[in-house]
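Add 584 to the 1-based position in the sequence shown for my numbering, that's all there is to it.
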Amino acid sequence: MSDHAVPSPTDTDAALLSEARALDAADPLHAHLDAFLEAPGVQAYLDGNSLGRPLAVVPERLAAFVREDWGTRLIRSWDEQWMDLPERLGDRIAEVTLGAAPGQTIVADSTSVLLYKLIRAGAAAAGAPAGPDGARTEIVIEEGNFPTDRFIAAGVAAELGMDLVWVQPDPVRGVTVDDLVPVLSARTALVVLSHVDYRSGALADMAAITAQVHDAGALVLWDLCHSAGSVPMQLDAWGADLAVGCTYKYLNGGPGSPAFAYVRRDLQAQIRQPIQGWWSAADIFAMGPRYAPTPGIRQLLSGTPPVTSMLAMQAMLDLIAEAGMAAVRAKSVSLTDFAVRAADEVLAPLGVRLLSPRDSALRGGHITIGHPEFQAVTQRLWGEGVIPDFRFPDGIRLGLSPLSTSHEETLRGVVAVRDALALGGR
Ligand SMILES: Cc1ncc(COP(=O)(O)O)c(C=O)c1O
């Protein structure tokens, strides 16, 4: 047990509180906080980058869907509205968040499954033309990438007889062109990177890195899980080849809502995804003897799409479209800048380190702070309705979903971390 007591509010707390309130008063997106369902007992929800909050309209939308689209129209709804939902929703995500023209984005499966499909398809497609020694046999991936990306890339490399080549970027700054230059060669087939690092929040320069990978004659696949709905993108203009992202973080699709995949239009005829189910057959109802893929982005489908899990994100996409991604990013920068300032003033004196870039231009929508006691601290905080998340070995991530989080809520979280630390985290 600790013999520390909960500290009383300080002058610093009071100054930060007035600053938070002033920032909230000046926030043009502040009114949107009311669009989210209330969470009784929650004092600060700082995990919107793991699971976004439901919008208040979602319960009724789900109920209406069950009553009408499913309950009344029954199987007729497939013809009436569900068959092309994966593409329609993909186009909507592309328009609102990705900076991508229609026909290149589809909603399906989980992030992990779409990563498998596109890493496999991209590595195989880029395996030719040959390098000087005969083949492009390498998949490049960073050591700090999310586990599922690394595990799947390793599985695909084993399946295709390719080699994994690791890059080790600075864990706080994240991956840069300079990290890639030494490993890119005529043997590189595919590079797999995250746009925003899941731990540090570091934001990669997608345009510059993509250009560098293309100079080496290889393809690049971007994991957009932590940037979709938080950081504006221009996938088409930046020349991205392949991308995968999830919809339950900043797109608030709900637990297990399906992922999305982007394939640049002119690559679509070259790739062949490995799970060739009936939903990507040229004629789904022909029930023919042999598989022939449908052209275009729909070729990434495999089986029946999870229609119910595609509902909640539609409301969030409408809200993001109304706010505009530029305003969402401006709020996000304001929240993370404020969180860094508050952490410097309130937490740094207790030995807490900032594990994210200080420069807002180099980070996405969350920051990570580190302290050896943070695992126990997180447990205590969850019990008190203050909900960040813990990332091994000693990081607390403050995920500040721009449309559902206020500066005052952010400060409540930072102050609660200090108070929990003072109690020894137990
Ligand atoms: C960056 C990143 N990539 C991939 C995944 C895996 O997603 P899924 O569990 O939906 O397959 C996650 C999950 O949080 C993630 O944060």
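Don't be surprised by glycine CBs; every beta carbon is placed ideally from N, CA and C. Keep in mind that this is a model prediction, so the values were computed, not measured.
Check                                                                                                                      : Outcome
Sequence-distant residues of the same chain with beta carbon closer than 8 Å to Leu851, five excluded per side             : Ala709, Leu803, Asp825, Leu826
Supposed contact pair Glu929 and Leu646 - C-beta distance, whole angstroms, cut 8 Å                                        : Contact doesn't hold; Cβ gap of about 42 Å is too wide.
Spatial distance of Val828 from Leu805 (CA atoms)                                                                          : 8 Å
Segment contact, 8 Å Cβ cut-off, at least three pairs: the stretch 897 to 906 with the stretch 677 to 684                  : yes
Per DSSP, cross-strand counterpart(s) of His950                                                                            : Gly983
Buried/exposed call for Arg660, threshold 16 Cβ in 10 Å                                                                    : exposed
CA-to-CA distance, Asp653 to Thr794, given in whole angstroms                                                              : 42 Å
Where the beta strand (DSSP E) containing Ser696 begins and where it ends                                                  : Taken as a continuous stretch (DSSP letters only), Ser696 belongs to no beta strand (DSSP E), being part of the alpha helix (DSSP H) at 695 to 710.
Limits of the beta strand (DSSP E) - the one that Glu726 falls within                                                      : 722 to 726
Length of the line joining the Cα atoms of Ala1000 and His950                                                              : 17 Å
Proximal residues to Ala598 (C-beta, below 7 Å), its chain only, five neighbours per side dropped                          : none
Stretch-stretch touch, CB-based, cutoff 8 Å, three pairs: the stretch 718 to 735 with the stretch 867 to 883               : no
Where Pro624 falls, given that 16 or more other Cβ within 10 Å makes a residue buried                                      : exposed
Under 8 Å between C-beta atoms of Val992 and Arg605                                                                        : Correcting the residue type first, residue 992 is Glu in the shown sequence and not Val. Contact: yes.
For Phe844 and Ile980, the rounded distance between their alpha carbons                                                    : 27 Å
Cut-off 7 Å between Cβ atoms - residues of its own chain near Ser864, not counting five sequence neighbours on either side : Pro877, Thr878, Arg882, Gln883, Leu884, Leu885, Ser886
Nonlocal neighbours in the same chain, by C-beta distance under 8 Å from Ala685, ignoring five residues either side        : Ala678, Asp820, Arg849
Any non-hydrogen atom of ligand 1 closer than 7 Å to Ser1011 Cβ                                                            : The displayed coordinates of the chain run from 585 to 1010. Any statement about residue 1011 would go beyond what the structure contains.
Residues near Pro858 in its chain [Cβ-Cβ closer than 8 Å; skip 5 each side]                                                : Tyr700, Lys701, Arg704, Ala705
Where Ser814 sits in the DSSP three-state scheme                                                                           : coil
Between the CA atoms of Thr989 and Gln1055 - distance to the nearest angstrom                                              : Since the first and last residues shown for the chain are 585 and 1010, residue 1055 lies out of range.
Under the three-state DSSP convention, the category Val634 falls into                                                      : In the sequence on display, residue 634 carries Ser and not Val. Of the three classes helix, strand and coil, the one that applies to Ser634 here is coil, per DSSP.
Ala927 classed as buried or exposed, judged by whether at least 16 other C-beta atoms fall within 10 angstroms             : buried
Backbone CA spacing between Arg975 and Asp631 [nearest angstrom]                                                           : 12 Å
Member of Val650, Ser602, Asp611 whose CA lies at the smallest distance from the CA of Ala914                              : Asp611
Heavy atom of ligand 1 within 7 Å of His950 beta-carbon                                                                    : no
As assigned by DSSP and simplified to three states, the class of Gly715                                                    : At Gly715 the pLDDT is 49, less than 50, meaning the model places this residue with poor confidence; the figure from the coordinates comes in the next sentence. Three-state result, Gly715: coil.
Same chain, Cβ closer than 8 Å to Leu1005, five either side skipped, listed in chain order                                 : Leu931, Leu934, Val936, His955, Glu957, Val961
heavy atom of ligand 1 below 7 Å from Phe958 C-beta                                                                        : no
Any non-hydrogen atom of ligand 1 closer than 7 Å to Ala843 Cβ                                                             : yes
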